[in-house]
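According to numbering that gives the first Met the number 0, the sequence shown is numbered sequentially starting from 0.
Every residue, glycine too, gets a C-beta built ideally from N, C-alpha and C.
Heads up, the thing below is written out as structure tokens.
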Amino acid sequence: MTLVELMIAMGLLGVVIMALLGTLASVQRRVGRESDRSLSNDQARLAVEELDRELRSGNVLYDPNPQPPPTPIPPWVSDPSHGIYPGMSLLIYTQTNANTRTPNPGFRCVQWRAYNQQLQRRDWTTEDPAGTVTTFRVIADHIVNAAPNYLFTLDPTTAYGGRLIDINLIVNQNPGSGQNVGIKASVEGRDTQYGYPVTACSTIPPY
């Protein structure tokens, strides 16, 4: 084999290797995107499942995006110091997991919020909000909701009487380059507010 033939063979081999490496890199990127998308799907689905359980047991659902917003805006709706704005925080008076056999079934106020690209949750009792409030627990991360794609909306349909919350959760593991994963759901609270004052969760514990 002459030197020219060897150089041609090496050149062709180099082209084949580069094409193979390019194909492998493309497959790896595609697998990474699908993995991120699957992870986003799982997080969003689990978050909506937990929200669904609490909303269906909700005795009072507070409007997450009142129109027009009251002045001052209630803490469960907007907290400018933490970047919480209407539609990005939800307050529920719920009896999820309550022991209904006891005189005090343990109804709790539950607050959800989107903060720092995280979906967070905490709860407290109405009898002692400051003493029983839990710390915010991260339910899902990489939340990319932004106005006008609000996370929570009270459905205006009069037939539901303020008992239907529309959820629009948008997740992206790689904001800016990845693909958004969105889950939409409409969950109806319990078909009664009798005996449950709308002021039950008016006292909001400090953060």
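Please check the pair residue i and residue j, which I expect to be a contact at CB under 8 Å, by giving their CB distance rounded to whole angstroms.
i	j	result
D51	V170	With a Cβ gap of about 16 Å, D51 and V170 do not count as contacting.
R121	T134	6 Å
N58	Q94	6 Å
T152	P63	7 Å
T131	F106	Wrong, their Cβ atoms sit about 12 Å apart, outside the cutoff.
Would you mind stating whether residue i and residue j have Cβ atoms separated by less than 7 Å?
i	j	result
L90	I164	no
W75	Q27	no
A43	I166	no
T202	P128	yes
W123	P204	yes
Only counting the same chain, and skipping five residues up and downstream in sequence, which positions put a Cβ closer than 6 Å to that of residue i?
i	result
L118	A46, I138, A139 and I142
C200	L90, Y92 and C108
E48	none
N144	A113, L150 and I169
S184	Note on identity: in this sequence residue 184 is Ala, with Ser being the wrong assignment. So the qualifying residues of the chain are V47 and I166.
V197	V59
L12	none
For residue i, which residues from the same chain have a beta carbon less than 8 Å from its beta carbon, with the 5 sequence-adjacent residues on both sides left out?
i	result
R55	V186, E187, G188 and R189
R136	Q119, R120 and R121
R29	none
A18	none
P218	Any answer about residue 218 is impossible in this case: the structure gives the chain only from 0 up to 206.
Does the Cβ of residue i have 16 or more other Cβ atoms within 10 Å, making it buried, or fewer, making it exposed?
i	result
S39	buried
A158	exposed
M87	buried
E53	buried
S77	buried
E4	exposed
L2	exposed
L168	buried
P71	exposed
V211	What is shown of the chain runs 0 to 206, which leaves residue 211 out entirely.
P79	exposed
Taking 6 Å as the line, does the beta carbon of residue i fall inside it for any heavy atom of the ligand PLP?
i	result
P174	The ligand PLP is absent from the structure shown, which contains no ligands of any kind.
For residue i, which residues in the same chain have their Cβ closer than 7 Å to its Cβ, ignoring the five residues on either side in sequence?
i	result
G82	Y114
G161	L60 and L153
T101	Note on T101: pLDDT 49, under 50, position unreliable in the model; no value is reported.
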